[in-house]
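Scroll down for the structure; my scribbles are underneath it.
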Ligand code: ADP
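Residue numbers (the numbering used here): 14 to 386.
Structure below.
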């Protein structure tokens with residue numbers, strides 16, 4: 014071997030390795046430019062945080078990557094696809110060479126039922142994507158709307174039916190002025206009930222579609238309390254119930270004054286309606302430990318059992334429907350209060366003991382100085 018041979022070999026090897034490295038870099042750059050750099054690892058990174066169930070599988074249904082949501086629902090278990098219904102949908106989609114859709118119910122991580130709209134999409138390279146969207150909320154919404162419409166129809170039927178019957182009764186008692194007078198008075202009462210019910214339904218649907226914070230102003234809480242109590246004065250006098258107001262000076266919130274007044278009025282009306290003559294209702298406002306404005310409406314009335322406390326904020330729920338109707342209640346008052354509270358970033362809670370009384374607390378974020386900026 015000549016003395017130059019090792020150097021020559023080194024040169025040839027070095028040049029070869031250099032060329033290979035440059036070639037690999039060029040290929041990588043070209044792949045990157047063509048968007049082929051997404052490997053299994055990257056795919057996992059992309060899919061992992063998605064809020065939908067997304068699974069990418071190979072030609073042999075081997076799971077390449079899946080979103081956390083898909084894994085939590087058991088749709089991707091390690092490298093295999095989850096429920097048989099999903100596998101069957103993908104098999105059909107591959108056979109028909111087109112995307113197919115289906116719906117299914119699975120159990121969520123806490124065992125809660127989840128309604129999924131599934132789409133299986135075969136790709137041209139043999140792989141496939143499965144996408145599952147959570148439709149539970151839509152379904153719940155349409156169920157709630159259906160129940161609401163059914164409840165409204167039921168609630169409207171009672172006063173409308175009564176108005177028809179009373180009109181007939183007044184007509185057939187035409188020669189007895191006293192009876193006519195009595196039937197007409199009842200008719201006026203039913204009309205008032207119908208009017209109240211329709212106004213509450215309109216108020217509730219407006220609350221559901223409006224965001225009070227879009228037209229929010231600074232609201233002085235003591236004024237809200239005074240106006241609400243003034244609105245209930247007649248009712249309180251008729252029920253022989255004394256209502257006191259004690260408002261912390263200077264408390265303000267940001268929101269819709271009219272809505273807040275309606276919410277407090279509903280609470281005061283209830284406190285009066287569900288108390289016996291001679292009872293006392295106290296309306297107060299103060300800053301609580303969490304620096305929220307706490308408006309409290311307390312009564313020493315009939316109270317609410319623990320079981321019923323869980324349901325009183327539902328639309329049309331009443332512990333005693335006859336008592337509620339007799340006091341002009343519609344079963345919508347507390348759901349309106351709840352909507353107003355949530356729309357203002359607050360909450361409404363209840364403390365109550367059957368036979369002892371109740372305290373409803375409406376908590377709202379306090380207006381701080383920097384709210385003005
Ligand atoms: P309603 O128009 O029937 O008063 P609400 O939605 O305002 O409807 O209240 C729902 C139910 O909660 C009432 O029917 C009543 O049974 C109960 N409730 C509400 N407030 C009180 C209260 N202060 N004391 C006792 N029961 C109450």
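By construction, the Cβ of each residue, glycine as well, lies at the ideal position given by its N, Cα and C atoms.
Looking only at its chain, what residues have a beta carbon closer than 6 Å to the beta carbon of residue i, apart from the 5 residues adjacent to it on each side?
i           : result
residue 179 : 196, 199 and 200
residue 256 : 242, 249 and 294
residue 266 : 232, 306, 377 and 380
residue 358 : 378
residue 156 : none
residue 149 : 127 and 128
residue 370 : 312, 313, 314 and 316
residue 269 : 225
residue 212 : none
residue 146 : 65 and 130
Assign residue i to one of two classes, buried (16 or more other C-beta atoms within 10 Å of its C-beta) or exposed (fewer than that).
i           : result
residue 318 : exposed
residue 122 : exposed
residue 274 : buried
residue 312 : buried
residue 283 : buried
residue 136 : exposed
residue 95  : buried
residue 82  : buried
residue 334 : exposed
residue 285 : buried
residue 118 : exposed
residue 344 : buried
For residue i, I'd like the list of residues in its chain whose CB is within less than 7 Å of its CB, leaving aside the five on either flank, ordered along the chain.
i           : result
residue 78  : 53, 56, 57, 60 and 69
residue 99  : 88, 131 and 143
residue 326 : 347, 348 and 351
residue 244 : 278
Just to confirm my understanding: we take residue i, look at its own chain, exclude 5 residues before and 5 after, and list those with CB closer than 8 Å. What are they?
i           : result
residue 140 : 69, 70, 71, 72 and 77
residue 134 : 106, 112, 141, 142, 143 and 144
residue 91  : 76
residue 176 : 200, 203, 204 and 207
residue 116 : 128, 129, 130, 131 and 148
residue 262 : 235
Could you please give me the residues that DSSP links to residue i through a beta bridge?
i           : result
residue 129 : 117 and 147
residue 293 : 255
residue 135 : 141
residue 78  : 69
residue 89  : 94
residue 308 : 298 and 375
residue 365 : 371
residue 360 : 376
residue 226 : Note: residue 226 sits in no beta bridge, so no partner.
residue 395 : Since the first residue shown for the chain is 14 and the last is 386, residue 395 is missing from the structure and cannot be characterised.
residue 266 : 232 and 379
With distances taken between CB atoms, is the gap from residue i to residue j smaller than 8 Å?
i           : j           : result
residue 252 : residue 316 : no
residue 272 : residue 258 : no
residue 361 : residue 372 : no
residue 341 : residue 209 : yes
residue 165 : residue 214 : yes
residue 321 : residue 310 : no
Looking at the C-beta of residue i, does it have a partner C-beta in chain C at a distance below 8 Å?
i           : result
residue 355 : Structure shown: chain C not included; a single protein chain is present.
The stretch 350-357 / the stretch 274-285 touching (three or more Cβ pairs under 8 Å): Judged by Cβ distances under 8 Å, the stretch 350-357 makes contact with the stretch 274-285, as three or more pairs qualify.
At least three beta-carbon pairs within less than 8 Å, the stretch 140-160 to the stretch 169-176: Counting Cβ pairs under 8 Å, fewer than three are found: no touch.
Cβ contact (3+ pairs, closer than 8 Å) linking the stretch 210-223 and the stretch 288-302: In short, these stretches do not touch, since the Cβ pair count stays below three.
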